[in-house]
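Trainee: My questions all concern the structure below.
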């Protein structure tokens, strides 16, 4: 693939990198949240838009990542090992393991699809939310408080990401590195196989490909990204609660991704970013009407623009530039 | 005796309401392949109609008559305005009705406020059955639910409309070729499913606290009942409702409500996974 296809994402990254120069500290802090939500949206875009698995419980992986990160960096597992890096790794591994177990349960044999899958994933996320609300060793309903910020330790060098601006550039680097990597990866043979899986999985089986492995791998990939997003989220917020693993966040990420465009990573990212930004900006003016508006916009966009409100114009731009934006 | 009888009666009344919800879902899903994520909100609106009817002074009976009419009409609007545009995209119906459910929930919050409301019981008597006493109203709800369930069965098994509807479920294209107006049958069924949710909500409203978030608590168990019992046969809903609602309600007496919900959900997931056609569903054609 030519690097030209990465130009739109690169442009976006440059624009975002310039934002802290014109925004005040509060808004840079908010941008950090939007970046993490965008990363979370990428995970659902991979699973749903590329893998064709409509997962209505994506927050399960985000929440697992969040809780594992909180437990590690607060020293609740091993008091001596509280490094952010180990926390992030543990968070991603835990999310992936859960995804592999759940994926095997859901997809082995004839597998569950469509509506069944949707209802079953909702049930899973509701179960986890209930579990965490009542697991008192892990904070129960109140969650875990005082989670330390991200730290970096190289030999004697030690740095804590307290301020919004350095944290913003760190998150920007992480999120866009993953976005670029995914865009390149989805353009490879693996991406082609996923397209085939979405199109007609019986035919793919007929050609000798293992459907189960493919589905589980894309499910796990999504879970790893969601787990990372959850881990980063708690270091910004300092707070892990059962809402992070539950139904509401699963709904929200679904709406961001569907509004943006599930079949285009960049659009899914922007969907989260723009929706969250609009919420922060408009929810004061619109108050309770905000949710009503989002529900209505969502309905209209599903009926009229099923490819997504952001993906449709971006696709047009891509056509004009003769590139395929992912 | 009493220790067993009262939980059993509670479980039975819970199961019957769940069956009503699942029947509505079943009619809509079985007929049209539409997953109605807003079904819980239709149920919730039915309950609100009951609360409001009593505040406006129309009384309990007025609420009971008004709820299915208002919610049925809402169902008609939803079918005309939203669902009929996306029949051919079943997965998108999940998303669209999800958006609808958020919008409806928020509309109710804006109109009536986020706090819980309550509807007074129409009569507050207890009657003795054998050795124990049970609230008369709950017995009435159970009777009404059984009546409604029987009516659904009668309509589907004995009337011309039911025959046509079953034909559309089994072979949509063939039915259309044979001259059945499938669009009209779908619309009628959607309205019927919505009205069923409305009346279920109205019936249960005096016994619970009515708030905008109550729908989800019935939607997910309703769906699980439907899938556990098996899509396609009406009797599947009864088996599924009994399995999901009954075990959940009974388990709460012995273990905590949270643990019982988790156990029931897990059980339901395993059953759905192991028997995709449901407990009583036949072999796949």
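Protein chains in written order, with our numbering: chain A, 7 to 332; chain B, 169 to 453.
For each residue, glycine too, the CB sits at the ideal point set by N, CA and C.
For my contact list, residue 83 of chain A and residue 233 of chain A are in at a C-beta cut-off of 8 Å; report their separation, rounded to the angstrom.
Mentor: The Cβ separation is near 16 Å, so there is no contact.
Trainee: Since residue 426 of chain B meets chain A, which of its residues come closer than 9 Å, beta carbon to beta carbon?
Mentor: 136, 137, 139, 140
Trainee: What alpha helix (DSSP H) runs, 4 residues minimum, are completely inside the stretch 320-405 of chain B?
Mentor: 328-338, 340-345, 350-372, 383-397
Trainee: Buried or exposed: residue 354 of chain B, going by 16 or more other Cβ atoms within 10 Å of its Cβ?
Mentor: buried
Trainee: Considering only residues of the same chain and omitting the five flanking positions on each side of residue 373 of chain B, which have a CB-CB separation below 7 Å?
Mentor: 215, 218, 219, 287
Trainee: For a contact meaning CB atoms closer than 9 Å, what does residue 182 of chain B contact in chain A?
Mentor: Here the premise fails: no neighbours, minimum Cβ distance about 18 Å.
Trainee: Listed from N- to C-terminal order along the chain, which residues in the stretch 285-302 of chain A have their beta-carbon within a distance smaller than 8 Å of any beta-carbon of chain B?
Mentor: 294, 295, 297, 298, 300, 301, 302
Trainee: For the stretch 96-124 of chain A, list every residue whose C-beta sits within 8 Å of some C-beta in chain B, in sequence order.
Mentor: 111, 112, 116, 118, 120, 121, 122, 124
Trainee: Please identify, using Cβ separations under 9 Å, the residues of the stretch 253-278 of chain A that lie next to chain B, in order along the chain.
Mentor: 253, 257, 260, 261, 264
Trainee: Just confirm the distance between the C-beta atoms of residue 59 of chain A and residue 225 of chain A, as a whole number of angstroms; I'd bet it's less than 8 Å.
Mentor: 6 Å
Trainee: According to DSSP, which residues form a beta bridge with residue 301 of chain B?
Mentor: Beta-bridge pairing links residue 301 of chain B to B:296.
Trainee: Tell me which residues share the same chain as residue 320 of chain A and place their Cβ nearer than 6 Å to its Cβ, disregarding the 5 neighbours each side in the sequence.
Mentor: Beyond the five residues adjoining it in sequence on each side, residue 320 of chain A comes within less than 6 Å, by CB distance, of 273, 331 in the same chain, given in chain order.
Trainee: Considering only residues of the same chain and omitting the five flanking positions on each side of residue 278 of chain A, which have a CB-CB separation below 8 Å?
Mentor: Excluding five sequence positions before and after residue 278 of chain A, the CB atoms of its chain that fall closer than 8 Å to its own CB belong to 40, 43, 44, 46, 47, 259, 262, 263, 266, given in chain order.
Trainee: Could you name the residues of the stretch 241-256 of chain B whose beta carbon sits closer than 7 Å to any beta carbon of chain A, in the order they occur along the chain?
Mentor: 250, 253, 254
Trainee: Are residue 416 of chain B and residue 446 of chain B close, meaning C-beta to C-beta below 8 Å?
Mentor: no
Trainee: Relative to the C-alpha of residue 204 of chain A, which residue among A:38, A:57, A:36 is closest?
Mentor: A:57
Trainee: What does residue 237 of chain A reach in chain B if we use C-beta pairs closer than 8 Å?
Mentor: In chain order: nothing, as chain B lies at least about 25 Å away.
Trainee: Starting from the C-beta of residue 411 of chain B, find all residues in its chain whose C-beta is less than 6 Å away, skip the five residues before and the five after it, and write them out in chain order.
Mentor: Here the set comprises 396.
Trainee: Would the beta-carbon of residue 181 of chain B fall within 8 Å of that of residue 310 of chain B?
Mentor: yes
Trainee: For residue 41 of chain A, is the beta carbon positioned less than 7 Å from some heavy atom of the ligand SAH?
Mentor: As presented, the structure is devoid of all ligands, the ligand SAH included, so that no description of it is given.
Trainee: Below 8 Å between beta carbons is the criterion; list the residues of the stretch 369-391 of chain B that meet it against any residue of chain A, in chain order.
Mentor: Hits within the stretch, in order: 384, 388, 391.
Trainee: CB-CB under 7 Å to residue 139 of chain A, same chain, minus the five flanking residues each way: which ones, in chain order?
Mentor: If we look at residue 139 of chain A and ignore the five residues flanking it on each side, its Cβ neighbours are 146, 147, 248.
Trainee: Alpha carbon to alpha carbon, what distance is there between residue 402 of chain B and residue 294 of chain B?
Mentor: 33 Å
Trainee: Residues in its own chain within less than 6 Å of residue 109 of chain B by CB, not counting five upstream and five downstream?
Mentor: Outside the displayed range of chain B (169 to 453) lies residue 109 of chain B, so it cannot be described from this structure.
Trainee: Going by beta-carbon coordinates alone, are residue 370 of chain B and residue 232 of chain B separated by less than 8 Å?
Mentor: yes
Trainee: Taking only beta-carbon atoms, is residue 323 of chain B less than 8 Å away from chain A?
Mentor: no
Trainee: Report the partner residues of residue 246 of chain A according to the DSSP bridge assignment.
Mentor: Residue pairing from DSSP places residue 246 of chain A in a beta bridge opposite A:150.
Trainee: Going by the beta-carbon positions, is the gap between residue 51 of chain A and residue 271 of chain A smaller than 8 Å?
Mentor: yes
Trainee: The stretch 55-87 of chain A: which residues have C-beta closer than 9 Å to a C-beta of chain B, in chain order?
Mentor: 60, 62
Trainee: Could you tell me how far apart the beta carbons of residue 321 of chain B and residue 305 of chain B are, in whole angstroms, since I believe they sit closer than 8 Å?
Mentor: With 8 Å as the limit, residue 321 of chain B and residue 305 of chain B do not qualify as a contact, their Cβ atoms being about 25 Å apart.
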